[in-house]
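This note's numbering puts the first residue of the sequence shown at 67, with every later residue one more than the last.
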Amino acid sequence: MYRLLRTLFFLFPAERAHHLGFSLLRFAMAFPIVGHLLRAFYRVNEPYLQVNAFGLRFSNPVGLAAGFDKDAIGYNALGGLGFGAVEVGTLTAHPQTGNPQPRMFRLPQDRALINRMGFNNSGSKDAIPRLMTKRNVILGVNIGKSKITPKEDAAKDYATSTRRVGPYADYLVVNVSSPNTPGLRDLQAVDELEAIITAVQNASAEVCEIPPPLLVKIAPDLNDEDIDAIADLALKLKLAGIIATNTTISRTGLKTYKSEIEGIGAGGLSGAPLKERALKVLRRLHQRVGTQMVIIAAGGIETAEDAWTRICAGATLVQVYTGFVYGGPALPKQIAKGLASRLKAEGLDSIEQVIGRDA
């Protein structure tokens with residue numbers, strides 16, 4: 067069924083198709099009977115897959131990465147598809163329209179996307195009423211720096227968003243790794259990052275009786291020394307975890323014609339081509355932090371085998387995005403079922419038993 071729908075959606079520009087598909091899902095879930103049937107169909111009921119991470123109990127380890135629901139307008143509808151968690155955003159302190167369109171492109175031969183969205187969102191203040199809504203899924207909130215905010219005021223910018231959304235987040239993510247906001251990745255430098263994280267932690271403590279677990283999301287293009295430095299900083303500041311990884315600026319090994327890639331221009335690449343590099347970053351992080359914090363794996367996860375490999379390499383949880391675009395609404399359930407089957411085949415009774423097994 068989804069193959070037919072995907073063919074139809076792919077007749078539209080990528081961003082337009084995203085809005086159409088997301089609107090259709092929210093519309094369908096809004097009808098009680100239809101919503102109930104869809105939730106029942108996609109529900110993941112596998113006790114083997116329950117995961118305890120930074121004080122939260124996830125029904126399964128498969129989450130939706132930030133970027134799909136930028137303004138927190140449909141996380142409950144997405145949660146009805148069987149995700150163990152949905153991460154909304156990226157939200158910024160100031161509303162912003164993002165980069166000019168077109169700014170999202172499909173690479174079907176590579177099962178990939180290139181985007182240069184630029185953190186388009188209605189702002190963290192505008193999202194508050196929607197974040198207050200009763201939820202049926204663990205909710206992560208991803209925050210980033212506003213484009214108009216100078217680098218020297220970045221910590222204040224992140225702190226502003228934290229004060230607004232922190233009280234409503236099950237976990238909070240500091241995004242310093244998108245390639246689509248000028249200078250943002252420079253904030254991954256340890257001195258810059260420490261100031262931002264400290265400001266976020268202080269702001270969270272001001273407004274939350276119990277501050278939400280705090281994670282940082284990093285780029286796949288960091289060298290080993292920078293990965294180690296961020297891991298050490300995360301341990302020093304007692305972060306709950308690290309998300310590895312965001313999109314890449316690399317275009318190495320793509321099957322899509324070079325002329326088409328050059329025509330698309332700048333942007334972050336996600337999907338299958340990111341798989342190998344994201345796994346290497348995950349392994350490096352796990353070697354550095356061990357079991358002292360949670361690692362959420364993202365980047366090129368399309369199948370249960372991909373998810374299994376990441377979990378065995380040290381990830382406690384995984385996230386999908388591009389795989390969800392290509393694989394459709396059944397993907398989270400397919401991955402979860404595949405993980406459960408693998409556990410049963412090996413005579414294991416919990417996915418937590420294989421975290422870091424092959425690291």
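Yeah, the Cβ is synthetic: ideal placement off N, Cα and C, and Gly gets one too. Owing to the predicted nature of the structure, the values given are computational and were not obtained by experimental measurement.
(1) Could you have a look at THR228 and say whether DSSP puts it in helix, strand or coil?
(2) Using C-beta distances below 6 Å, list every residue in its chain close to ASP223, excluding the 5 sequence neighbours before and after it, in chain order.
(3) Do ARG317 and LEU335 have their C-beta atoms closer together than 9 Å?
(4) So, under 8 Å CB-CB, GLY150 and PRO127 are touching, yes? Tell me the CB distance rounded to an integer number of Å.
(5) Kindly give me the distance between the Cβ atoms of ALA379 and ARG408, rounded to whole angstroms, as I take these residues to be in contact under 8 Å.
(6) Given this structure, state the Cα-to-Cα distance separating TYR237 from GLY206, to the nearest angstrom.
(7) Quick check on the burial criterion: 16 or more other C-beta atoms within 10 angstroms. Buried or exposed for THR357?
(8) Beta carbon of ASN208, beta carbon of GLU153: below 9 Å?
(9) Quick check on THR375: does DSSP put it in helix, strand or coil?
(10) Drop a sphere of 10 angstroms on the beta-carbon of GLN419, count the other beta-carbons inside from all chains shown, and report buried for 16 or more, exposed for fewer.
(11) Looking only at its chain, what residues have a beta carbon closer than 8 Å to the beta carbon of SER24, apart from the 5 residues adjacent to it on each side?
(12) Name the one or two DSSP bridge partners that ASN207 has.
(13) What's the gap between the Cα of ASN289 and the Cα of VAL347?
(14) So, LEU405 versus ALA381, is the Cβ gap smaller than 9 Å?
(15) What residue range is occupied by the uninterrupted beta strand (DSSP E) comprising SER336?
(16) CB-CB under 7 Å to ARG343, same chain, minus the five flanking residues each way: which ones, in chain order?
In short:
(1) helix
(2) ALA159, LYS211, SER212 and THR215
(3) yes
(4) 6 Å
(5) Contact doesn't hold; Cβ gap of about 15 Å is too wide.
(6) 5 Å
(7) exposed
(8) yes
(9) helix
(10) exposed
(11) With the chain covering only 67 through 425, there is no way to say anything about residue 24.
(12) At residue 207 the sequence reads Val, which differs from the Asn that was named. Paired residues: VAL154 and LEU238.
(13) 9 Å
(14) no
(15) 334-337
(16) PRO286 and THR314
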